[in-house]
Structures are given as C-alpha cells and as structure tokens.
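Residue numbers (mature numbering (1 follows the signal peptide of the UniProt record, and there is no 0)): -30 to -1, 1 to 318.
What follows is the structure in structure tokens.
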C-alpha cells in the first residue's frame, strides 16, 4: 500500500468513526429527551403527589389539587405548554411513590420526598433540586411538658413506616439514651389517628408535615412542635435516571423561580421586565439568547412560569407561609440574599 493510500485509508476510518459517533450522539440525545417528547405528545404532564398533605398537595372542595408540591408541577406544565392546568395528578402512598416513578406511571414525583444516596444509587432515581429544606422534628401535646426530645421519659412516639423518619428517630434515641418507644404505623393518616386516640404521646416527622398535621387537629393550640431538628431532610422532585434533558428541565424550572424572585420579576412586574435593558432580566424574559431552546422549551419559558404560577417566594407564601393555616416561617428557604440557603445558578 502506498503512503498516499495509507493516509486515505486512515482518513476514511476517522471520517467513519466521527460519523458513527455523531449518529450515536444524536440517538443518545433523542433517547435522553424521551420524557419531554412523551409529555408533549400526550399533551399533559403526569405528576405524582401525596394522598393529601395540607399545604403541599391536597384536593380542595372543588376537586382541584393545590399546594406547594402541586404548584411545582403546574410550573413545569406552564413552562412546557403555557398552561399550568395541563397536569394530571396521581396521589401516591409513600410505599408506592418510587415504584410508580420507576415503572413510568408518572413523569415526575413531587411529593415531599427526601433526597438520599440510597434512593439515587439503588432505586435509579435523580433528585434534580431541593425545593424545600426541611428537617425531622417532634409534635406533642402541651400536657406532656417536654421542652426537648431529650426530656422524653417512657413516651410512645408514632412514626410512619417506609420513611427516613423511622431510622432517624431510632438512631437519635439510641445515641442520646432517650427513653422512648417508637410505634411504626403503616400510613400517614394512621399516625395521626393513633396520636388523636392516645396510642402515642408524640409524632415524629418532617417539620413541614408536622405543621400540616397540627393544622388539621381539632384544637391546634393544644399541640406544640418542638424546636429541635434531628436530621437534614432536603425535599424535592424526583425523576428517572437516564433522561438528562428531562432532569435539566425539572432542575431549571426550580432555579428559574428562584432567579425570578431574586430579580424582583413577578406576575405584576412582567410587562416592565420585558422592556428592561438589564442583561440578566433580558435573558430571564427571553429577550436575549435562547436558553429555553437549549432545554427544548420556548424563549419565554420563564415568563410562562411567573405569569401562571409565580416566583418561588409566591409559591411558598401562598401555600405554607406564615399567613396560611400552617404558618411556617420561611427560614432556610429564604433566598441566600435574605439569610436562607435557597441559591440558584445564574440564567446565562
């Protein structure tokens, strides 16, 4: 073989390899965008939520789903369809939530679920973002008289099976020699019922859930949520592994709502924002660049979210904030610029 022929053969081999790699990359990209395509083809998003948790996901008297977790799914639908109502909500028990996601019965799980290593590594899930920073606490009747879980003496503590709360409480009691007995209950409603019936003096769960449960008791003022927090509970939406494009969309919908709040872009100020000359505002409303297109969305995807659902702060205060029956202070869920740890990368 001549030197020329040898070089030609090498060039042909490289060209073939590059072509094959390009085809493979295209196929991989199409494969990774399959959830978004399925959602668009169906004409609606399928979102897994709780079976009923005040402030987070619950049906109102007209059969409409409302709540913090519900609004996240509405924001996704707004970004994709410019219509927050193009969502079908699927209520899921804690034991069935991840299996339903793995099986493809839902597109996204938005159900006060804690982000853990085991859930990602063993269940094949991805938690794209933390939408609510929480921690595990304790609720008890005022008559118990404890100021801290370290004061518990021979009390029974009801806890939901199949959650991180059971292990956290067991570890905490063992490490601190707390004289308490854990009473595992099969479902969340059963936990509250057992507490109301006096089968346990204390409930332990995520503090956000304790606020929701207390609001539903006959006389909320007779019950106190202790200030002690014994765990980190980063709550957020979950998706299946293997679809990077979909995980990016879920992640950046949350970040977009944070960035909009930080920039002061609300439903009331959208018209003014659209005429702004500030680079960060122009990118946010889609006047500069095409960041939405990179996600498979439109240029005005953030505008759609803010117009139909609001900023992160709007969603928090509307559903669980201090002026709601739950009365939860924003705390860690304030923006980083206001003393919290909610922090979004820039839209650029």
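Even glycine gets a Cβ: it sits at the ideal position worked out from N, Cα and C.
Closest Cα partner of residue i within the set the options
i           : options            : result
residue 114 : 170, 248, 32, 98   : 170
residue 20  : 258, 78, 214       : 78
residue 198 : 192, 294, 176, 218 : 176
residue 297 : 82, 57, 141, 181   : 181
residue 134 : 86, 164, 95        : 86
residue 140 : 316, 201, 271      : 201
residue 195 : 67, 106, 287, 58   : 106
residue 124 : 143, 51, 112       : 143
residue 152 : 118, 188, 108, 186 : 108
residue 192 : 138, 246, 110      : 110
residue 161 : 50, 184, 150       : 184
Enclosing alpha helix (DSSP H) for residue i [first to last residue]
i           : result
residue 175 : Element bounds for residue 175: not the alpha helix (DSSP H) but the beta strand (DSSP E), 172 to 176.
residue 249 : 249 to 255
residue 282 : 282 to 289
residue 193 : No alpha helix (DSSP H) holds residue 193; the beta strand (DSSP E) holding it covers 193 to 195.
residue 143 : 134 to 146
residue 81  : Looking at the DSSP string, residue 81 is not in any alpha helix (DSSP H), and its letter there is neither H nor E.
residue 225 : 214 to 233
Contact set for residue i: own chain, Cβ-Cβ below 7 Å, skip 5 residues either direction
i           : result
residue 154 : 129, 131, 136
residue 243 : 235, 251, 255
residue 104 : 176, 177, 178, 203, 205
residue 16  : 58, 60, 76, 77
residue 307 : 232
Contacting residues, own chain, Cβ-Cβ under 6 Å from residue i (five flanking each side not counted)
i           : result
residue 221 : 98, 99
residue -10 : For residue -10, the predicted model reports a pLDDT of 37, less than 50, meaning its position is unreliable; a value from the coordinates is still stated below. Correct list: empty, nothing qualifies.
residue 27  : 19, 20, 37, 39, 40
residue 22  : 28
residue 260 : 269
residue 314 : 225, 228, 229
residue 219 : 265
CB-CB length for residue i against residue j, believed under 8 Å
i           : j           : result
residue 210 : residue 72  : 7 Å
residue 253 : residue 318 : 6 Å
residue 6   : residue 266 : 5 Å
residue 45  : residue 223 : 5 Å
Limits of the beta strand (DSSP E) - the one that residue i falls within
i           : result
residue 278 : Element bounds for residue 278: not the beta strand (DSSP E) but the alpha helix (DSSP H), 271 to 278.
residue 127 : 123 to 130
residue 10  : It is not in any beta strand (DSSP E) - residue 10 instead sits in the alpha helix (DSSP H) that spans 4 to 12.
residue 152 : 149 to 155
residue 15  : 15 to 19
residue 104 : 102 to 104
residue 205 : 203 to 205
Below-8 Å beta-carbon distance, residue i vs any chain B residue
i           : result
residue 253 : The structure shown contains no chain B, having only a single protein chain.
Contacts around residue i, its chain only, beta-carbon distance under 8 Å, and the 5 residues preceding and following it disregarded
i           : result
residue 240 : 255, 273, 276, 277
residue 148 : 119, 120, 122, 142
Between the stretch 128 to 145 and the stretch 171 to 179, are three or more C-beta pairs nearer than 8 Å?
These segments touch.
Validate contact between the stretch 278 to 288 and the stretch 224 to 232 using beta carbons, cut 8 Å, 3 pairs
Touching, yes.
Three-pair Cβ contact test at 8 Å for the stretch 230 to 249 versus the stretch 268 to 280
Because the criterion of three Cβ pairs below 8 Å is met, the stretch 230 to 249 and the stretch 268 to 280 touch.
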